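Protein chains: 2
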Amino acid sequence: MTELATTGTDLPRLRELNSLSIVRALRDQPPSTVTELSQRTGLSRPAVDVIAQGLVADGWATVLEPGANSAVGRPARRYQFRATAGHVLGIDVGVHKILALLSDLDGNIVHSVRQSVAADAPPADRLAELDNVISACLTGAGKAPADIWAVTVAVTGAVDASGRTSFFTPLPGWGDVDLTGHLASRFACPVQVENDCKLAAVAERWQGAASDANDIVYVLAGMRTGAGLILDGVLRRGYGGAAGEIGALKHVRWLNAPAHLQNCPGVPDTVGPDDAAAWVFNAAREGDKAARTAVSRYVKDLAVGAAALVLALDPQVVILGGGFSRSADLILNALRQELQRLCLRMPEVRASTLGADSVALGALKLSLNEVDDRLFSAGLSAPVAPRRK
Amino acid sequence: MTELATTGTDLPRLRELNSLSIVRALRDQPPSTVTELSQRTGLSRPAVDVIAQGLVADGWATVLEPGANSAVGRPARRYQFRATAGHVLGIDVGVHKILALLSDLDGNIVHSVRQSVAADAPPADRLAELDNVISACLTGAGKAPADIWAVTVAVTGAVDASGRTSFFTPLPGWGDVDLTGHLASRFACPVQVENDCKLAAVAERWQGAASDANDIVYVLAGMRTGAGLILDGVLRRGYGGAAGEIGALKHVRWLNAPAHLQNCPGVPDTVGPDDAAAWVFNAAREGDKAARTAVSRYVKDLAVGAAALVLALDPQVVILGGGFSRSADLILNALRQELQRLCLRMPEVRASTLGADSVALGALKLSLNEVDDRLFSAGLSAPVAPRRK
DNA sequence: CCGATTTTGTAAAGATCAAAGCGTATTAGG
DNA sequence: CCTAATACGCTTTGATCTTTACAAAATCGG
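Keeping their order, the protein sequence lines are chains A and B.
1 is the number of the first residue of the first sequence in full-length UniProt numbering; add one for each residue after it.
1 is the number of the first residue of the second sequence in full-length UniProt numbering; add one for each residue after it.
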């Protein structure tokens, strides 16, 4: 059941609700006239007028005085959501790189900073690098920490309620790092830490291959294999934040699936372990027999875990993401065939369209969601950076 | 993000919202005074007063004139939600029996009818039996079809959007039955058809072993093995209604798991195939070596599928339901051990507390949810049976 | 170039609703 | 029997939205 507020609504609250309606009608729209807003919200024109003026006074909207007007009649003032009232951060702390995105409330990316990190860097160094990237991103955009309304950081491994990756993480020593606490000392706004697969899934639904779907299984296919789940349009974290970790089940052969590619016979010694998979995909594309069987075996193993998720959740679409999605041409059809064989109801299978930045993008989106949730649940005062509760 | 209505709110709508607040505050509570309601909703006492009188006039509430009053002061009139304004049906069409429950809007069961059916009865006979049970239940409660506000029917097998069990069902010929259509000719109210495992899960959350949890994996352990998923307090159907069908994956050994019990050496010929499992559990309880290993093997296979669901969804609690949950004393600890071995984060594992009626109870709850959703989204006119859209 | 038309902006009036305040009814306890 | 406490019902007040009306600003047609 929808958990509506059980509290009654008085007149000031009514104004607040209607203000929120107007804000909603303003967002993700070109600058709108009062008449348009009136039609969109069902409120009368005078009511919209006073509310819009109030929003401008509070800083939530800006006015565009009428200029050239193609239509007949008196040209209308236009109101616009002031997306620059606040900004949010989305950060991907990956194994090899750190990427920070800073955007306004509409999700327009204002500034981004990328910095490569050694895969075996100790936690302290990685945290220091993270701090540098954040600083660079803030100064690059001309913002102070107090201007940021929400921060989301992506890390690898299942994230528990405290923001730690205590179950497992490929980053050495990272399981004990209190990332939330570390960032909380710098930002007064809400700080979230979330798993990278989950955030990539969010990004694909936001701007990627799954923008039309509400039930999504995102499979991260790379040197690690993971999954992110979106059901009914909402990211599912699980009770302890470990949803999607189907790869931990031995009967599902995700753990060793990439080994088929790494250990494929014929890979030259000159190719490093991280590039072996790319070499195998290329070789398979050119017809190399051993490479083709390696890819085939990899997909078969990948499909078992994907099928488990599909059978468990019956999604509309399965998104193939991660580093190997660059070779989707070799994987997608085989994956479809395997899923068809294993599943009851066949979902669509699509390749990611966002590439490697999807994780940071998903983090950004989660920050935006956080802001929206506060905005639309708490009420509408003047725009200021929210503080953690 | 919460998908609030984008429409503005005017004064009549405000009254409606506040009326709904009062209805909420009235439900599942002992008869309440105006002052109590005022405190519960935050509305002023006069406002609550006029709204409550309106609810009485519309038929949503009844007045209890003041009688003996323990407290000091003038005794207050008490208002009570009129749960008998409407009634709903929850029906379980099982393999061996049909069970119909009829309740008022508070979920108080007014009448129930149970009728056994031959497992191999053809669909036409089963439908006729269903019609009889419904008629008996209605007349037994003194109700007409027009008095029923929602109907939910539980069937075995994954239910698609049309209410058919086209993927699979153990009932012979049932895959083609258009149950929704069949019932729609009799009831003008909304009719839902849903999978039995899913409904059992709903029931356990409503009144059973999982009433404190929002993320639940319900495992139906019986001659068939199935699952129902509740995430964030909401039943998950999946895009095509086939969520939870992890048993279809061969790597998960649910299909053949009960065979360990049925084919256990030592079962006397006098025991039929349906009772073999019960015999084995009893024998195991008394120390029979072969029976114990059979149970152990069964649990090991059951745990693989349960672990797949737990890893995929990371629930708070796993509920063991179905016929075999009567032998939870033999299963639960072994299941816990296996899950501990297989999973990342260990959920609680509990046995069902509702028994065989849970499916019909879950169907009833879904009907109640349907009514609530309409009530709290559409608005509050005089109480009449809702019609299908 | 000027008036008709259309659309916008704004003001005033009317309606609805909730809050606040106040007098009255009813009961308990001394 | 009388006082205090509690609850009820009514009236007044204030806030909000809608309707209606009218002035302002632009285009269109002659």
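Cβ coordinates follow ideal geometry from the N, Cα and C atoms, glycine included.
Keep in mind that this is a model prediction, so the values were computed, not measured.
Just to make sure I have the definition right: I need the residues of chain B whose C-beta is within less than 8 Å of the C-beta of residue i. Which are they?
i: residue 315 of chain A; result: 238 and 239
i: residue 304 of chain A; result: 249 and 251
So residue i contacts chain A; which residues on that side make the cut at Cβ distance below 7 Å?
i: residue 246 of chain B; result: 308, 311 and 312
i: residue 158 of chain B; result: 344
i: residue 428 of chain B; result: Since the first residue of chain B shown is 1 and the last is 389, residue 428 of chain B is not available in this structure.
Residues of chain B with CB under 7 Å from residue i, in chain order?
i: residue 215 of chain A; result: 238 and 239
i: residue 32 of chain A; result: In chain order: nothing, as chain B lies at least about 13 Å away.
Taking the alpha carbon of residue i as the reference point, which residue from the options has its own alpha carbon closest?
i: residue 220 of chain B; options: B:48, B:264 and B:359; result: B:359
i: residue 125 of chain A; options: A:286, A:166, A:148 and A:174; result: A:174
i: residue 20 of chain A; options: A:361, A:115 and A:382; result: A:382
i: residue 300 of chain B; options: B:336, B:286 and B:384; result: B:336
i: residue 148 of chain B; options: B:170, B:201, B:114 and B:85; result: B:85
i: residue 74 of chain A; options: A:35, A:107 and A:163; result: A:35
i: residue 15 of chain A; options: A:102, A:273, A:31 and A:53; result: A:53
i: residue 247 of chain B; options: B:368, B:303 and B:27; result: B:303
i: residue 107 of chain B; options: B:373, B:374 and B:368; result: B:368
i: residue 217 of chain A; options: A:223, A:232 and A:207; result: A:232
i: residue 169 of chain A; options: A:99, A:78, A:151 and A:195; result: A:195
i: residue 187 of chain B; options: B:215, B:162, B:157 and B:138; result: B:138
i: residue 323 of chain A; options: A:289, A:222, A:281 and A:51; result: A:222
i: residue 163 of chain B; options: B:178, B:127 and B:62; result: B:178
i: residue 9 of chain B; options: A:98, A:47 and A:346; result: A:47
i: residue 146 of chain B; options: B:103, B:99, B:87 and B:101; result: B:87
i: residue 109 of chain B; options: B:121, B:237, B:378 and B:89; result: B:89
i: residue 259 of chain B; options: B:277, B:330 and B:159; result: B:277
i: residue 203 of chain B; options: B:13, B:362 and B:29; result: B:362
i: residue 225 of chain B; options: B:306, B:172 and B:98; result: B:306
i: residue 142 of chain A; options: A:341, A:103, A:79 and A:94; result: A:103
i: residue 71 of chain A; options: A:33, A:264 and A:37; result: A:33
i: residue 267 of chain B; options: B:274, B:280 and B:257; result: B:280
i: residue 190 of chain A; options: A:376, A:380 and A:371; result: A:371
Which bits of chain A does residue i rub up against, with CB to CB less than 8 Å?
i: residue 242 of chain B; result: 311, 314, 344 and 345
Would residue i be called buried (16 or more neighbouring beta carbons within 10 Å of its own) or exposed?
i: residue 244 of chain B; result: buried
i: residue 5 of chain B; result: The predicted position of residue 5 of chain B is uncertain, since its pLDDT is 45 and thus under 50; a value taken from the coordinates is nonetheless stated next. The residue in question, residue 5 of chain B, is exposed, as its Cβ has fewer than 16 Cβ neighbours within 10 Å.
i: residue 180 of chain A; result: buried
i: residue 96 of chain A; result: exposed
i: residue 64 of chain B; result: exposed
i: residue 192 of chain B; result: buried
i: residue 18 of chain A; result: buried
i: residue 165 of chain B; result: buried
i: residue 2 of chain B; result: Interpretation of residue 2 of chain B is limited by its pLDDT of 33, a score under 50 that renders its predicted location unreliable; the figure taken from the coordinates is listed afterwards. Exposed, since its Cβ has fewer than 16 Cβ neighbours within 10 Å.
i: residue 44 of chain A; result: exposed
i: residue 286 of chain B; result: exposed
i: residue 365 of chain B; result: buried
i: residue 314 of chain B; result: buried
i: residue 378 of chain A; result: exposed
i: residue 116 of chain B; result: exposed
i: residue 11 of chain A; result: exposed
i: residue 310 of chain B; result: buried
Runs of 3 residues minimum, wholly inside the stretch 270-355 of chain B: which ones carry the beta strand (DSSP E) assignment?
At a cut-off of 3 residues, the continuous stretches assigned as beta strand (DSSP E) that sit fully inside the stretch 270-355 of chain B are 317-321 and 348-351.
Using a Cβ cut-off of 9 Å, which residues of the stretch 140-169 of chain B contact any Cβ in chain A, in chain order?
Listed by position, the residues of the stretch 140-169 of chain B near chain A (Cβ gap below 9 Å) are 158, 160, 167 and 168.
What residues in the stretch 167-191 of chain B bring their beta carbon closer than 8 Å to a beta carbon of chain A?
Listed by position, the residues of the stretch 167-191 of chain B near chain A (Cβ gap below 8 Å) are 167 and 168.
If you scan the stretch 190-274 of chain A from start to end, which runs of the beta strand (DSSP E) of 3 or more residues do you find wholly inside it?
Those beta strand (DSSP E) runs which fall completely within the stretch 190-274 of chain A and span 3+ residues are 191-195, 216-221 and 225-231.
What are the residues in the stretch 204-231 of chain B lying within 7 Å of chain A by C-beta distance?
Taking 7 Å as the Cβ-Cβ cut-off, the stretch 204-231 of chain B approaches chain A at 215 and 231, given in chain order.
Taking only runs of the alpha helix (DSSP H) that begin and end inside the stretch 146-187 of chain B, which ones reach a length of at least 4 residues, in chain order?
Qualifying alpha helix (DSSP H) stretches, in chain order: 179-184.
Report the residue ranges of all beta strand (DSSP E) runs contained in full by the stretch 57-123 of chain A; include only those spanning at least 3 residues, in chain order.
Whole beta strand (DSSP E) segments, 3+ residues: 61-64, 78-81, 87-93, 97-104 and 109-116.
Report the start-end ranges of each alpha helix (DSSP H) in the UniProt domain "HTH iclR-type" (19-62) of chain A that is 4 residues or longer and not cut off at the edges.
Within the UniProt domain "HTH iclR-type" (19-62) of chain A, the complete alpha helix (DSSP H) runs of at least 4 residues are 34-41 and 45-58.
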